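Here's the structure we're looking at; comments come further down.
Number of protein chains: 2
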Amino acid sequence: MKNKRMFWSIVEKIEARINSGEFTAGARLPPEREFVETYNVSRPTIREAIIALEVRGRVEVKTGSGVYVLEQKEDSATEHKISAFELTQARALFEGEAAALAAFAITDEQIAALEKTMSQMEMGQDVEKADRDFHLIIAKATKNNAVLSAIQGLWKVRTTNSDVAEAYKDICSQSHTKRLQEHREILNALKKRDTAAARTAMHKHFQRLINALFDKSEEKALEQIKKQTSQTRGLYSLDHVVSRAN
Amino acid sequence: MKNKRMFWSIVEKIEARINSGEFTAGARLPPEREFVETYNVSRPTIREAIIALEVRGRVEVKTGSGVYVLEQKEDSATEHKISAFELTQARALFEGEAAALAAFAITDEQIAALEKTMSQMEMGQDVEKADRDFHLIIAKATKNNAVLSAIQGLWKVRTTNSDVAEAYKDICSQSHTKRLQEHREILNALKKRDTAAARTAMHKHFQRLINALFDKSEEKALEQIKKQTSQTRGLYSLDHVVSRAN
DNA sequence: TAACAATAAATTTATTACCAATTTGTAAGA
DNA sequence: TCTTACAAATTGGTAATAAATTTATTGTTA
Numbered sequence: 013m014k015n016k017r018m019f020w021s022i023v024e025k026i027e028a029r030i031n032s033g034e035f036t037a038g039a040r041l042p043p044e045r046e047f048v049e050t051y052n053v054s055r056p057t058i059r060e061a062i063i064a065l066e067v068r069g070r071v072e073v074k075t076g077s078g079v080y081v082l083e084q085k086e087d088s089a090t091e092h093k094i095s096a097f098e099l100t101q102a103r104a105l106f107e108g109e110a111a112a113l114a115a116f117a118i119t120d121e122q123i124a125a126l127e128k129t130m131s132q133m134e135m136g137q138d139v140e141k142a143d144r145d146f147h148l149i150i151a152k153a154t155k156n157n158a159v160l161s162a163i164q165g166l167w168k169v170r171t172t173n174s175d176v177a178e179a180y181k182d183i184c185s186q187s188h189t190k191r192l193q194e195h196r197e198i199l200n201a202l203k204k205r206d207t208a209a210a211r212t213a214m215h216k217h218f219q220r221l222i223n224a225l226f227d228k229s230e231e232k233a234l235e236q237i238k239k240q241t242s243q244t245r246g247l248y249s250l251d252h253v254v255s256r257a258n
Numbered sequence: 013m014k015n016k017r018m019f020w021s022i023v024e025k026i027e028a029r030i031n032s033g034e035f036t037a038g039a040r041l042p043p044e045r046e047f048v049e050t051y052n053v054s055r056p057t058i059r060e061a062i063i064a065l066e067v068r069g070r071v072e073v074k075t076g077s078g079v080y081v082l083e084q085k086e087d088s089a090t091e092h093k094i095s096a097f098e099l100t101q102a103r104a105l106f107e108g109e110a111a112a113l114a115a116f117a118i119t120d121e122q123i124a125a126l127e128k129t130m131s132q133m134e135m136g137q138d139v140e141k142a143d144r145d146f147h148l149i150i151a152k153a154t155k156n157n158a159v160l161s162a163i164q165g166l167w168k169v170r171t172t173n174s175d176v177a178e179a180y181k182d183i184c185s186q187s188h189t190k191r192l193q194e195h196r197e198i199l200n201a202l203k204k205r206d207t208a209a210a211r212t213a214m215h216k217h218f219q220r221l222i223n224a225l226f227d228k229s230e231e232k233a234l235e236q237i238k239k240q241t242s243q244t245r246g247l248y249s250l251d252h253v254v255s256r257a258n
């Protein structure tokens, strides 16, 4: 049952007590010797657990004084709860711009790499990886590391956030052919170095995803939730933003 | 000099050896007792250092076998070097789309908050914070946490990357009035709920920044050349040799 | 009474020594 | 050749102890 070393379980217990609110930020934890009695382990083990918490940034050790709980600094990526709708809309807008940029700057090698992901997807091998590669190659083709970094960050949300991951899994497991067709359309625009077409094709790709997400959630939801989503559908639609002069 | 506890310095030393390539990924570190002799500290101290490295994700401890170096997973934000140009271009595109979205979804309270940042900026108090608030309020006004998160991530680059921070500082210290004027233009577009105008105004805002960055880099390049030439001028000057006449 | 200095107490830091548990390689035996 | 058993190497954990640091207390002095 306990594969891990003892101090890990102590870390979990203490962290749980901090999270539970028993110890608020700035409060002092009980002295080591008290933990020794509470958990029936030796003092070095307690020390190891406290060091682990310190490295994690949960507590601060003041020599000769005590151990104090630190304010929890939240990661900007995990700070806000992000829904699948929000993620998809953001990806639509940002990857749309990325595609437009890439249409300028993409190299022949990168186009060849995109072709490769397409054929991989057609063969049905590692479809999800091929999809990821397709989008990231385009992000790289912008020759803008800030763009790449931001898009990678959004992709990370997809894997980190379990709700989002599940929602995407549902959608992606079906409609292979449509996805392939849309990728083809994007690739064609990039080949022609047509920025506007690349943006539009990318938007179209994600607009279908958003609609699929809504259909799925509608399918699953009760009537009142249906009502809610049909209201927010307007909010998350791309119609407001896609109409531009050029 | 040594405020920290002993194990921290051991962590630094071992980490340095890992970074130097002395221990590659997958390699086994020397046994604890060897470290004891190497660094002249006790075994518990070594163990604490190893635990710190383990929590940091640098090494993996296998009971009864040894300590093994792990592959270093790089943070997507710090993975690539991002120049001020790249950051500004990315911000232009992404915040442009954010502004377009915000024009649709922004609330009256958020518009009021934007007005407040404007007057703060006019008064010249905490100008940089006011600027940050202005852009982040718009990001929030999208009602899309994925958008907000991505834009916050880009802002973090500005503070983390020292090169970028310096470049921005140079630019922002001048042209207050222009910045204010551009913010006003963006705000007016948002007030009118005009998505296209909001995007355009935001693009314009950043386009000026990009131009200013180019001017600045040109200026610096010229300076450098001057410096070089003045150095070589000294080197190739005839002063040393002509003074001997007579 | 208030301020300051010395002292005592509480707490973490670090060391030494010892034994237990686990893994791994090796060698003996079937 | 394969399996088993054992021994070596290594980490895991505990106990006892001394040292350094911070904090609270207490006593003295102005």
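Taken in order, these protein sequences are the chains called D and V.
Its first residue numbered 13, the first sequence is counted upward by one per residue in the numbering used here.
Its first residue numbered 13, the second sequence is counted upward by one per residue in the numbering used here.
Think of the CB as a built atom: it goes at the ideal place given N, C-alpha and C, for glycine as much as any other residue.
Here the structure is a predicted model, which means the values were calculated and not measured.
What's the C-alpha gap between residue 60/V and residue 19/V?
6 Å
Taking the beta carbon of residue 133/V as the centre, do at least 16 other beta carbons fall within 10 Å, making it buried, or is it exposed?
Taking every protein chain shown into account, the CB of residue 133/V has 16 or more other CB atoms within 10 angstroms, so this residue is buried.
In the segment 145-171 of chain D, which residues sit with their C-beta less than 7 Å from some C-beta in chain V, listed in chain order?
Residues of the segment 145-171 of chain D with a Cβ closer than 7 Å to any Cβ of chain V, in chain order: 156, 157, 158, 159, 160, 161, 162, 164, 165, 166, 168, 169.
By the three-class DSSP mapping on this structure, what secondary structure does residue 321/V have?
Because residue 321/V is not part of the residues shown, which for chain V are 13 to 258, the question remains open.
On the premise that residue 81/V lies in contact with residue 30/V, defined as a C-beta separation below 8 Å, what is that separation, rounded to the nearest angstrom?
6 Å
Among the residues of its own chain, which have a CB less than 6 Å from the CB of residue 217/D, if the five just before and after it don't count?
So the qualifying residues of the chain are 194.
Whole-Å CB distance - residue 142/V paired with residue 129/V, under 8 Å assumed:
Contact holds; Cβ gap of about 4 Å.
Cβ-Cβ separation, residue 213/V to residue 197/V (assumed contact under 8 Å), whole Å:
4 Å
Alpha carbon to alpha carbon, how far is residue 62/D from residue 71/D?
Residue 62/D and residue 71/D have their C-alpha atoms some 8 Å from each other.
Compare the C-beta of residue 101/V with all C-beta atoms of chain D and state if any pair is closer than 8 Å.
yes
How is the alpha helix (DSSP H) around residue 194/V delimited, first residue to last?
188-203
Identify the contact partners of residue 67/V in chain D, using a Cβ-Cβ distance below 7 Å as the criterion.
Within 7 Å Cβ-Cβ: 64, 67, 68.
Beta carbons nearer than 8 Å to chain D: which residues of the segment 43-64 of chain V have them?
Across the segment 43-64 of chain V, CB contacts with chain D closer than 8 Å involve 56, 59, 60, 63, 64, in sequence order along the chain.
Based on DSSP bridge pairs, tell me the residues matched to residue 74/D.
78/D
Quick one: residues in its chain with C-beta nearer than 8 Å to the C-beta of residue 163/D, no 5 flanking neighbours on either side, listed in chain order?
Counting only Cβ-Cβ distances below 8 Å, and skipping sequence neighbours, we find 103, 106, 107, 110, 147, 148, 151.
Taking only beta-carbon positions, decide if residue 106/D is within less than 8 Å of chain V.
yes
To the nearest angstrom, how far is it from the Cα of residue 96/D to the Cα of residue 188/D?
Approximately 19 Å, taken between the alpha carbons.
Assuming residue 48/V and residue 40/V make a contact with CB atoms under 8 Å, what is their CB distance in whole Å?
At roughly 17 Å, the Cβ-Cβ gap does not stay under 8 Å, so residue 48/V and residue 40/V are not in contact.
Alpha carbon to alpha carbon, how far is residue 34/D from residue 123/V? Give it in angstroms, no decimals.
40 Å
Residue 93/D: contacting residues in chain V (beta-carbon distance under 7 Å):
157
Taking 8 Å as the threshold (beta carbon to beta carbon), is residue 83/D in contact with chain V?
no
For residue 45/V, is the classification buried or exposed, using 16 other Cβ atoms within 10 angstroms of its Cβ as the cut-off for buried?
With fewer than 16 other Cβ atoms within 10 Å, it is exposed.
Nonlocal neighbours in the same chain, by C-beta distance under 7 Å from residue 203/V, ignoring five residues either side:
123
Starting from residue 100/V, trace the alpha helix (DSSP H) in both directions and tell me its first and last residue.
96-117
Taking residue 22/V and residue 57/V to be in contact with their CB atoms under 8 Å, please state how far apart those CB atoms are, rounded to whole angstroms.
6 Å
By Cβ distance below 7 Å, which residues in the same chain neighbour residue 94/V in space, the five residues on each side in sequence not counted?
169, 173, 176
Can you tell me where the alpha helix (DSSP H) with residue 19/D in it begins and where it stops?
18-31
Could you check which residue in 25/D, 118/D, 140/D has the C-alpha nearest to that of residue 64/D?
Checked all of 25/D, 118/D, 140/D; the closest Cα to residue 64/D is 25/D.
How long is the line joining the alpha carbons of residue 92/D and residue 156/V, rounded to whole angstroms?
10 Å
Cβ distance (whole Å) where residue 101/D is taken to contact residue 183/D below 8 Å:
Contact doesn't hold; Cβ gap of about 14 Å is too wide.
Of all the options 16/D, 179/D, 139/D, 79/D, which has the alpha carbon lying nearest to the alpha carbon of residue 191/D?
139/D
Environment of residue 205/D [buried if 16+ CB atoms lie within 10 Å]
Classified as exposed, residue 205/D has fewer than 16 neighbouring CB atoms from the shown chains inside 10 Å of its CB.
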